[in-house]
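Chemist: In this text, residue positions in the sequence shown follow this note's numbering: the first is 1187, and each later residue adds one. Ideal Cβ placement from N, Cα and C applies to all residues, glycine included. This is the structure I want to talk about, given as structure tokens.
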Amino acid sequence: MALDPQIFKDYDIRAVVPDQLDEAGIKRIAQAIVYCFKPKSVQVGRDMRLTSASFQKALIDTFLTSGVNVVDLGLTATDMIYYASATYSEDLAITVSASHNPPEYNGMKMVKKGAIAVSGDSGIYQLRDLAVSNKDLFVKPIQIAKLTQRNLLPGWVDHVLKFIDLTKMKPFSVVIDAGNAMAGYFMPAFEKQLPWRVTRLFYDLDGRFPNHLPSPIEPKNMQSLIDKVKAVKADVGMAFDGDGDRVFLVDETGKIMSGTIMTAIITENLLQKYPKDSILYNAIVGRIVPEIINKHQAKPVRVRVGHTLIKEAMRQQNGLFCGEHSGHYYFRNNFYADSAIIAALLVLELMSQKNLKLSQLIKLYDKYPNSGEINFQVKDKQSVMKQIEANYKSKAELTDWLDGITIWFSDWWANVRPSNTEPLLRLNLEADNQTILKEKLAELVK
């Protein structure tokens, strides 16, 4: 059996197959799930990776022999798993996926009923310890389990489209890059109901990812989309990641929109519909976002980076929306979970309302030059952050440790935070103009 304990991450399970995880390892994890969570019923879906069908079957077979009823969801994007767990009564929903990782990877994401993620804090590490132990995890079935099928797609599409006024959506020319991944499965269902003229890129489901990795956060993976947007003179381009829960947009000139600008646009749209509500944003999102929130007399709430932390904060604050710089966008009316397609629709809805090109819409919010995220290999992360605080504390207007160290000045700010999984510090800096950005970036890099 291949089952490396290192594959259990804070938010999911991700492994190189078959070296770190094989079918026998999947069955052992399924036994640990039954032993740990004692579910009476589970929903199980999968993405298009080469090993996903066999891994899904291994999960289903193990659950059934343990007396757990199973609903086979077939192909599912991660957004659909949140919908499934919040809409139906099964105790757990699982999708076999490794998101945007290269072809040799696979794994799974798991949520409890109500779209509550199973994370490092709520069971993943417990599962790891059980799965790699010598403990007999076989649970004797009390009943003969049933296997049924469920097609989530029509109900989920209807749920998503409730976020916008379809009658006001303009017939945009849109290029969509599915990256041979899950957007190629679900976007045709949306295209039937949206007035867009869609140019499709890489819709064929192919876990080898023959065109590029479905990881749009890396600019090189956006090049096909940029080229096609320019070639067909489209209004917008969209690239989804492997499991369809992240999206990056490009305007008609081929410029990639940042997570900060997308957060600002969605915030503006939603606060027109839900005035004076609470909007969350992570510690790396730029100043334009709290400015938009304050303009609408709504409540800005700054939170730490990370799915589980954000979803918990969304529930505590009853937050309307939360935007992350990394392309995740969370919505109260989506069970406090993230959704790429909802985020994209809300941007195009505001374009329709304001009758602006995407580049013109971006210009309204693109006030502050920024460095993007720059990574540094550092052995002692804590001491470097403390040194930064010591250097700037007496000069800064404010410093905080919400997520790493953030230093605030009247005309610039910077955040340096540690990676959870690697010996890296991540620097983000934003300034009032390019001159200050260049000067302060050189200072901090040094």
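1. Going by the CB atoms, is the gap between G1423 and V1415 shorter than 7 Å?
2. Quick check on D1427: does DSSP put it in helix, strand or coil?
3. Could you round the C-beta distance between S1283 and D1233 to whole angstroms and report it? I think they count as a contact, below 8 Å.
4. State yes or no: is the C-beta of I1560 within less than 7 Å of the C-beta of L1613?
5. Considering only C-alpha positions, which residue in the set A1617, M1187, V1436 is nearest to A1530?
6. Grouping DSSP H, G and I as helix and E and B as strand, with all else coil, what is G1306?
7. If you drop the 5 nearest sequence neighbours on each side, which residues of the same chain put their C-beta closer than 7 Å to that of D1198?
8. Can you tell me the Cα-Cα spacing of Q1229 and T1251, whole angstroms?
9. Could you give the distance in angstroms between the alpha-carbon of R1200 and the alpha-carbon of Y1291?
10. If you follow the beta strand (DSSP E) that G1509 is in, where does it begin and where does it stop?
11. Sorted by chain position, which residues of the same chain lie with C-beta nearer than 6 Å to I1593's C-beta, five sequence neighbours on each side aside?
12. Can you tell me where the beta strand (DSSP E) with T1180 in it begins and where it stops?
13. Round the Cβ separation of I1362 and L1387 to the nearest angstrom and send it over; I've been treating them as touching at under 8 Å.
14. Helix, strand or coil: how does DSSP classify K1567 here?
15. Judging by CA-CA distance, which residue of I1193, Q1620, I1527 is the nearest neighbour of M1368?
16. Using DSSP's beta-bridge definition, name the partner residues of W1598.
17. Would you grab the beta carbon distance between L1236 and L1207 for me? Rounded to a whole angstrom, and I think it's under 8 Å.
18. On a Cα-Cα basis, can you pick out the residue from K1565, P1405, E1498 that is closest to P1609?
19. Determine the extent of the alpha helix (DSSP H) in which K1213 is found, giving its start and end residues.
20. So K1279 is in the beta strand (DSSP E); what residue range does that whole segment cover?
21. With 16 as the cutoff for other CB atoms within 10 Å, does I1451 come out buried or exposed?
22. Classify A1417 as helix, strand or coil using the three-state DSSP reduction.
23. Just the C-alpha distance for K1497 and Y1516, rounded to the nearest angstrom, thanks.
24. Tell me which same chain residues have a C-beta within less than 6 Å of the C-beta of S1538, skipping the five on either side of it?
25. DSSP three-state call for D1198: helix, strand or coil?
26. Let me confirm a value: K1626 is counted as buried when at least 16 other C-beta atoms fall within 10 Å, else exposed. Which label applies?
27. Please name the residue in A1523, S1557, G1428, E1454 whose C-alpha comes closest to that of I1470.
28. Closer than 8 Å by C-beta to F1376: which residues in its own chain qualify, once you throw out the five before and the five after it? Chain order, please.
29. In the DSSP output, what is M1296 paired with across the bridge?
30. Enumerate in chain order the residues of its own chain whose CB-to-CB distance from I1193 is below 7 Å, with the five nearest sequence positions on each side excluded.
31. Starting from the C-beta of D1265, find all residues in its chain whose C-beta is less than 7 Å away, skip the five residues before and the five after it, and write them out in chain order.
32. In terms of residue numbering, what span does the beta strand (DSSP E) encompassing S1227 cover?
33. Have a look at K1459 and E1510 and give me their C-alpha separation to the nearest angstrom.
34. With a floor of 3 residues, list each beta strand (DSSP E) that falls wholly inside the stretch 1337 to 1393, ordered by position along the chain.
Modeler: Per the coordinate set shown:
1. Position 229 of the sequence shown, counted from the first residue, corresponds to residue 1415. Position 237 of the sequence shown, counted from the first residue, corresponds to residue 1423. Yes, they are a contact pair.
2. For the purposes of this step, residue 1427 is identified with residue 241 of the sequence shown, where counting begins at 1. Note: D1427 maps to coil in three-state DSSP.
3. Working through the sequence shown from its first residue, we reach residue 1283 at position 97. Working through the sequence shown from its first residue, we reach residue 1233 at position 47. Right, their Cβ atoms sit about 4 Å apart.
4. In the sequence shown, counting from the first residue as 1, residue 1560 sits at position 374. In the sequence shown, counting from the first residue as 1, residue 1613 sits at position 427. Against a cut-off of 7 Å, the Cβ pair of L1613 and I1560 comes out as a contact.
5. Residue mapping note: residue 1530 aligns to position 344 of the sequence shown, counting from 1. The shortest Cα separation from A1530 among A1617, M1187, V1436 belongs to V1436.
6. Residue 1306 sits at position 120 when you count from the first residue of the sequence shown. Correct three-state label for G1306: coil.
7. To locate residue 1198, count along the sequence shown from 1; it is residue 12. If we look at D1198 and ignore the five residues flanking it on each side, its Cβ neighbours are G1293, M1294, K1295.
8. By one-based count along the sequence shown, residue 1229 stands at place 43. By one-based count along the sequence shown, residue 1251 stands at place 65. Cα to Cα, the separation comes out at about 15 Å.
9. Taking the first residue of the sequence shown as 1, we reach residue 1200 at position 14. Taking the first residue of the sequence shown as 1, we reach residue 1291 at position 105. Between R1200 and Y1291, the C-alpha separation is close to 7 Å.
10. In the sequence shown, the residue the question calls residue 1509 occupies position 323. Per DSSP, G1509 belongs to the beta strand (DSSP E) from 1507 to 1509.
11. For the purposes of this step, residue 1593 is taken as the residue at position 407 of the sequence shown. Closer than 6 Å at the Cβ level, and outside the excluded window around I1593, lie Y1578, A1582, T1585, A1600.
12. The shown model of the chain, from 1187 to 1632, leaves out residue 1180, and the question about it has no answer.
13. Translated into the one-based positions of the sequence shown, residue 1362 becomes position 176. Translated into the one-based positions of the sequence shown, residue 1387 becomes position 201. Their Cβ separation, rounded to whole angstroms, is 7 Å, which keeps I1362 and L1387 in contact under 8 Å.
14. Residue 1567 sits at position 381 when you count from the first residue of the sequence shown. Correct three-state label for K1567: helix.
15. In the sequence shown, residue 1368 corresponds to position 182, counting from 1. Nearest C-alpha to M1368: I1527.
16. Locating residue 1598 in the sequence shown gives position 412, counting from the first residue. Its beta-bridge partners are A1617.
17. As a first step, residue 1236 must be located in the sequence shown, where it is residue number 50. As a first step, residue 1207 must be located in the sequence shown, where it is residue number 21. L1236 to L1207, Cβ: 13 Å. No contact.
18. In the sequence shown, the residue the question calls residue 1609 occupies position 423. Of K1565, P1405, E1498, the residue nearest in Cα terms is K1565.
19. Counted from its first residue, the sequence shown places residue 1213 at position 27. Where K1213 is concerned, the enclosing alpha helix (DSSP H) stretches over 1209 to 1223.
20. In the sequence shown, the residue the question calls residue 1279 occupies position 93. Note that residue 1279 is Ala in the sequence shown, not Lys. 1278 to 1282 is the extent of the beta strand (DSSP E) around A1279.
21. As a working mapping, residue 1451 is identified with position 265 in the sequence shown. Classification for I1451: buried.
22. Locating residue 1417 in the sequence shown gives position 231, where the first residue counts as 1. Correct three-state label for A1417: helix.
23. As a first step, residue 1497 must be located in the sequence shown, where it is residue number 311. As a first step, residue 1516 must be located in the sequence shown, where it is residue number 330. Those two C-alpha atoms are separated by around 8 Å.
24. For the purposes of this step, residue 1538 is identified with residue 352 of the sequence shown, where counting begins at 1. The residues are K1354, M1355, K1356.
25. By 1-based counting over the sequence shown, the position of residue 1198 is 12. Coil at D1198, not helix or strand.
26. The residue given as residue 1626 occupies position 440 in the sequence shown. So K1626 ends up on the buried side.
27. As a working mapping, residue 1470 is identified with position 284 in the sequence shown. The shortest C-alpha separation from I1470 is found at S1557.
28. Position 190 of the sequence shown, counted from the start, is the residue given in the question as residue 1376. V1343, V1346, L1347, I1527, listed in sequence order.
29. Residue numbering aside, residue 1296 sits at position 110 when the sequence shown is read from its first letter. Partner(s): I1280.
30. As a working mapping, residue 1193 is identified with position 7 in the sequence shown. Closer than 7 Å at Cβ, skipping near neighbours: I1199, R1200, A1201, Q1206, L1207, G1293.
31. Position 79 of the sequence shown, counted from the first residue, corresponds to residue 1265. Correct list, in chain order: G1430, D1431, S1525, A1526, I1527.
32. Along the sequence shown, read from residue 1 onward, the residue named residue 1227 stands at position 41. Counting along the chain, the beta strand (DSSP E) containing S1227 begins and ends at 1227 to 1232.
33. Along the sequence shown, one-based indexing puts residue 1459 at 273. Along the sequence shown, one-based indexing puts residue 1510 at 324. One C-alpha to the other measures close to 21 Å.
34. 1359 to 1363, 1383 to 1387
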